[in-house]
Structure formats: structure tokens, C-alpha cells
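Residue numbers (UniProt numbering): 1 to 326. Just so it is clear, CB atoms sit at the ideal spot from N, CA and C, and this is done for glycine as well.
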């Protein structure tokens, strides 16, 4: 039987920050302490109690959950909860291939993520989704939906707009342009939100470009990793506090500006307008395609801001519904 050990660090750090604690290589060896935390955890207490006493919870849903999971867990010698599972195989799983994992209580999961995934001295990262799934944490997002994931989608829009500007007509060189575009975005301060560049927000200093590296002083560079990490963490705390305040001010200012300019569309018969391009030639990317196509003019106005359009080039009527812009 294989036993996979999950590293966990002490509840009492010599340093207050988990990243510094991980450098000290602290480990929690007393499994009885972990067992106590497991019994205090809302997600594990019912299962631990059932395996110890054989009594199911009074609530029906909790009882069903515990009964369904009971065969995948057992209690260790110290009363600690252990998860048992078999890797996927083509044949029947063998008992000697079973892997056992120490179940991490909820109170330790965020620290485990910080210490062993965000730290430079930590192990390899399996990805956000797999990590959150392994630790039974829920991470909600809504891809391609700007209203609920505005920060991400707004940045995606900026990247796509820049690629549209610089890529060739056949859209074959966009991958070569991406590194330089991302570098420009990461080193540019967000003057309308945080006030800092993305690089500064992560590393606590501005990006060193080739010119900066050539003129950096070469003397008095000795500094311990722990001392540098302490200074960096303190600086990042200040950066985070200031950027949070700047974002709140920028959001309020953006809302006021939007409310001032927000109005219903004002089109009239005879206006020449551009039409939002929905059709993309086969083999080309929609994101890199021009957003607006050749001019049209309005010939009739209907209800609920609907209009009849004709092409300016051949005067044919447009039969589909699109978005207009002047």
C-alpha cells in the first residue's frame, strides 16, 4: 500500500506570514492536533464522528453525504481522518496500489496554498482548478461574461484590441506579437485604477528592462533571502492598501462619468452609420477581426429603437439585426 504524505506546517509560526514560515521548514508532526482540527471543521466533523461512533447526523442531507463517503475514509491511530483512493487503471484496482492522504481541515487549506504553491521554494503547481478541487474549496468565475468578471474580460479586450492593431491581414503573426504586448501591459501603471503597474503589484518593484540592468550598481548587493522577503512583504502590504483605496476612488469616478454620458441611442432616417461585423471569414479569428464594417444609411425607423438599413455601396437592404454606431 502506498502512503502519500501531505505537507502541513505548524499553527504557530515563528514568522507571521505563511511564505516566511515555509522557508523555516516547519511541519506539524502531532497527528492528534490535526485530528482535533478535523473534528472542529464543519466539513469533516460529521464524517469523523460517524467513523468513530457509527452514528449518522440527524439532518437527512448530511446523513446521506456521510454514508456515501464513509467507504473512502478511515481513522488513523491518532484519530486523524485519512482519505483512501485508487488511481485509475484499465483492470481491477489492487489493494497495494491504494493511496492514502491525510485530510487537511479547512482552517489550514489557505495557508497550505500560500506556503506550498505561491512560494518560490514550493513544489510544482497543478493548476488552480485541480488545486481547489483537491482541497475541496469552491472558486466561482464566469468566463466570457464581462458583467460578472469585468476585470479579466476588460483586460482581454485590451489585449485583443492591441493585437487587431498590429497583426497582419492574414492574422498569422499574432502569436509573435503577444510577448511584447504583455510586457508593455505588465510594466504600464494603471493610472485609472490601482496607480501601480501589474508587475509592481506582484513583485513589489518596477520591471527591469535591458537598459536598467546595464546601469544597475554591482556593489553591496549581498542580502539574505529572508531579509529581502521581509522587506518585500512589508512593501507589498503598503502597495495593496494604497491600490485598494485607488481602485475604490476610480470605481466611483467611473460610475459618475458613465451616468453622465449614458443615454438612449439617437438615430434618425438618413444617418450614415457603421454596422457591427458579425460574420468572420473562414479560418480567421473573430477577436482579431474588425469590429465595424462599411457604412450604411438608415431608410426607416421602427419600434423599440429598430431601424431599416441599406448598404451605401449597392443600396441593398440589410435583413439581419446588428448593433449600430455613428
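- Proximity of the stretch 222–239 to the stretch 283–295 falls short of the contact definition, fewer than three beta-carbon pairs being nearer than 8 Å.
- Contact between residue 108 and residue 37 is confirmed by a C-beta separation of about 7 Å, below the 8 Å threshold.
- Per DSSP, residue 299 lies in no alpha helix (DSSP H); the unbroken beta strand (DSSP E) holding it starts and ends at 292–301.
- Within the stretch 167–205, the runs of alpha helix (DSSP H) at least 4 residues long that lie entirely inside it are, in chain order, 174–187 and 198–203.
- Its chain contains 73, 74, 75, 76, 100, 101, 102 and 103 as the residues whose beta carbon lies nearer than 8 Å to that of residue 82, once the 5 sequence neighbours on both sides are disregarded; these appear in chain order.
- Each residue's CA atom was taken as its position, placing residue 42 and residue 87 some 28 Å apart.
- Here residue 318 carries a strand assignment [DSSP, helix/strand/coil].
- Distance check between residue 271 and each of 312, 181 and 62 places 312 closest, using alpha-carbon atoms only.
- Three or more pairs of CB atoms, one per stretch, sit closer than 8 Å, so the stretch 156–175 contacts the stretch 285–303.
- Going by DSSP, residue 58 is part of no alpha helix (DSSP H) at all; its letter is neither H nor E.
- Counting every other CB atom within 10 Å of its CB across the protein chains shown gives residue 202 a total below 16, marking it as exposed.
- As DSSP reads the structure, residue 273 sits in a beta bridge with 296.
- For residue 265 against residue 305, the beta-carbon gap comes to about 6 Å, under 8 Å, which counts as contact.
- Sorting 309, 106, 69 and 258 by C-alpha distance to the C-alpha of residue 39 places 106 at the top.
- Under the DSSP assignment, residue 34 falls in the alpha helix (DSSP H) whose first and last residues are 31–40.
- Here residue 83 is bridged, per DSSP, to 73 and 101.
- Partner residues in the beta bridge of residue 310, as assigned by DSSP, are 297 and 317.
- Taking residue 189 as the centre and dropping the five residues before and after it, the same chain places the C-beta of 195, 196, 197 and 200 closer than 8 Å to its C-beta, in chain order.
- At least 7 Å separates the beta-carbon of residue 112 from that of residue 79.
- With fewer than 16 other Cβ atoms from the protein chains shown falling within 10 Å of its own Cβ, residue 32 counts as exposed.
- If you compare the alpha carbons of 58, 47 and 61 with that of residue 69, the shortest gap goes to 47.
- Rounded to the nearest whole angstrom, the CA to CA distance from residue 162 to residue 191 is 18 Å.
- Counting along the chain, the unbroken alpha helix (DSSP H) around residue 241 starts and ends at 225–261.
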